[in-house]
Each structure stands twice: as C-alpha cells, then as structure tokens.
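Right, one structure below, let's go through it.
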Amino acid sequence: MRSRIDVEQVEKYRVVCGYECVMNKGIPSCFMEHYFNLPIILAITRNDFPLSPLGLIHIKQKIKQLIDLDYLKRRSFNCEVIVKELQPVEKGVEVTIHMKVVANNSLIWTGELTLLSRNKRVIQKNYRRTAEVNNRLNQELSDETVTVNLSKNLGLSYAKVSGDFNPHHLWPFTSKLLGYKKPIAHGMWTLSKAIAIVCEEDKQTNLNKQHEIVATFKRPAFLPGTCKFEYTKQYTSDKRLFEIRVSDAKTGIPHLQASLTI
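With the UniProt record's numbering applied, the sequence shown corresponds to residues 1 to 262, in that order.
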C-alpha cells in the first residue's frame, strides 16, 4: 500500500504521546505502526486466515528503525504486510505479522506484531497469578520513575491520531461489548509514551538514529487510571540500552515490559 507522511498528524501524535518536550523533533518510530492498520485488518479478515479476528489480543511488538524517518517526509513509501508464524502456545494460538516500510527500494522501518487468540480455559488461572508476580517485579530497582495520569478520554484521543478505533479503547459501553469493565489504554500508546519519557529524561537519547524496540504487553490499563513508568539504563562504547517497565501505580499490576536499544 502506497502512503505519504502527514506532518500535521505527526505533530498531533507527538502531543498525545508526550513527545512535545523531547529534543528530537522527528517522526517517532512507533508512529509508523498506524500505516498498517488497514493492511492488517484486510489480512486477518481474509477467508483463508485460520483464526477468528474477533478477540485477537496484541501481546508483543518489535520495531526497528534503520534511518532517520524524516527521510519519508519528502517522498512516498510502500507498506508491506506478511502474515507468517502461527504458533500453538499454552494460552491459545499466536500469529506473527511482519511489516516493512520501503522507499526508493530501500528498507526504512520494520515491525513484528504478535497477536494471541486466547484459550479461555487458562485466562482465569493466569489472572490469579498476577498479584504475586507484580509484587516481585516492583521490588526491582530502577534508575528513573515517572508517574502519569491516564485520562478517561485517552483512548479516544489516541484513536484520532493513530487510526485505531477498536471499541474497547473508546467508551465504557463499547468496551463492555468486548468484555472489559472500562475502556483500556492502547498498548501502542503505552509503549510510545514510555519511549517518549526515556527520551525526555535522558537528553542524550537520539531517536532519529537507528534503534530497536522490543515490547511485551501485559495486563490492560483501565481508563481513567495512574501508571508508573520506570526504566534502567546501560551504556557501552557503541550502544545505549534501556529496560522499561510500566505498571499500575497503586496495585503494581504490570502493563508493559520493553527495551530500547540505540
């Protein structure tokens, strides 16, 4: 699918995800994910797609930015989607979707999105384990901690800049249709916000350079709510590694674990 960068939309995205105070003023690498909304919907609703598209849960994400994405402001680019691995797991079946952004025959950005089709028999068992695991995680030390309030309208605000209008993110009545007591924050907002916080707190982090993001989405963050964003950092002569964790500020329930390597 052929696309072009909408600079005004990029700026709105930066505001919603918290990049307005970040020194790097380029296109956030997480922003590119939204160009794949339609291709992914078309892929998972094909007659030959082996899983039901209803109830698929976004559980993992990988992003690799190869060059400064501002390169794309001056030219159109292709978005390519390939549905690959289908893997039985304890919780159900996982499917991995590979994404590529190509411009002038050059690879600019890649992503891997993993979706889970749940086996309902293991859901309650896994939820009961959560509190004990969270208490252990929260005792780990972090270099930086930032607390963020999530407004009740966050899901709708992010939907407007990302194009992801899945109903469980929007209003209480639409989230209940999909089994959630309240709207939940988009996982990609949580990830993008976490990256923005790292860059705001660590001024030497340059997202315009080549970097890689690896993320696992945990329990949903209900709206409104308050989250704790934490990270540790390790520097070597040629790399900077940030380990990120996002959890509920009151209960410690984990929402996201991720890493950023630059």
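In this text, a Cβ means the ideal position worked out from N, Cα and C, and glycines have one as well.
Closest Cα partner of residue i within the set the options
i           : options                   : result
R232        : V148, G111, G55 and S259  : Contrary to the premise, residue 232 reads as Thr rather than Arg in this sequence. Ranking the options by Cα distance to T232, first place goes to S259.
I67         : H58, I27 and H34          : I27
C17         : S247, T190, D238 and R219 : T190
Q204        : S175, L69 and K239        : K239
K182        : K193, H255 and L170       : L170
Y235        : L256, Q257, N104 and T261 : T261
L72         : L56, K62 and F31          : F31
L256        : N37, K193, L54 and K209   : K193
residue 263 : E201, L150 and T174       : Residue numbering for the chain in the displayed model covers 1 to 262; residue 263 lies beyond these limits and cannot be assessed.
S151        : G163, I184 and K176       : I184
P7          : F36, R74, L54 and L56     : For the record, residue 7 in the displayed sequence is Val; it is not Pro. Taking only the C-alpha atoms, the option nearest V7 is R74.
H186        : K176, G163 and N208       : G163
I195        : L115, Y35, I5 and N24     : N24
G92         : I59, S76, N104 and S142   : I59
N208        : S3, S29 and F242          : S29
Exposed unless 16 or more other CB atoms sit within 10 angstroms - verdict on residue i
i    : result
L107 : exposed
P50  : exposed
K250 : exposed
C199 : buried
Y13  : buried
Y19  : buried
S117 : buried
I41  : exposed
L113 : buried
V22  : buried
Bridge partners - residue i, DSSP secondary structure assignment
i    : result
G92  : V89 and R118
G111 : I63 and M99
E243 : T232 and S259
L150 : G225
D248 : C227
I40  : Answer is none; I40 lacks a bridge partner.
Sequence-distant residues of its chain with Cβ nearer than 8 Å to residue i (five each side left out)
i    : result
Y180 : H168, P220 and F222
Spatial neighbours of residue i in its chain, beta-carbon cut-off 7 Å, leaving aside the 5 residues before and after
i    : result
T110 : K64, M99 and K100
Q9   : V161
P39  : M1, C79 and V81
Cβ shell of residue i (< 6 Å), same chain only, five flanking positions each side left out
i    : result
I197 : V146 and F229
Beta carbon proximity, residue i to chain C, threshold 8 Å
i    : result
K218 : The structure shown contains no chain C, having only a single protein chain.
### Message
For the structure I just gave you, are there three or more beta carbon pairs, one from the stretch 85 to 97 and one from the stretch 224 to 231, closer than 8 Å?
### Response
Result no; under three Cβ-Cβ pairs closer than 8 Å.
### Query
Counting Cβ pairs closer than 8 Å, one from the stretch 151 to 160 and one from the stretch 198 to 215, do we hit at least three?
No contact exists between the stretch 151 to 160 and the stretch 198 to 215.
### Query
Does the stretch 78 to 85 come close enough to the stretch 95 to 105 that 3 or more CB-CB pairs lie under 8 Å?
Judged by Cβ distances under 8 Å, the stretch 95 to 105 makes contact with the stretch 78 to 85, as three or more pairs qualify.
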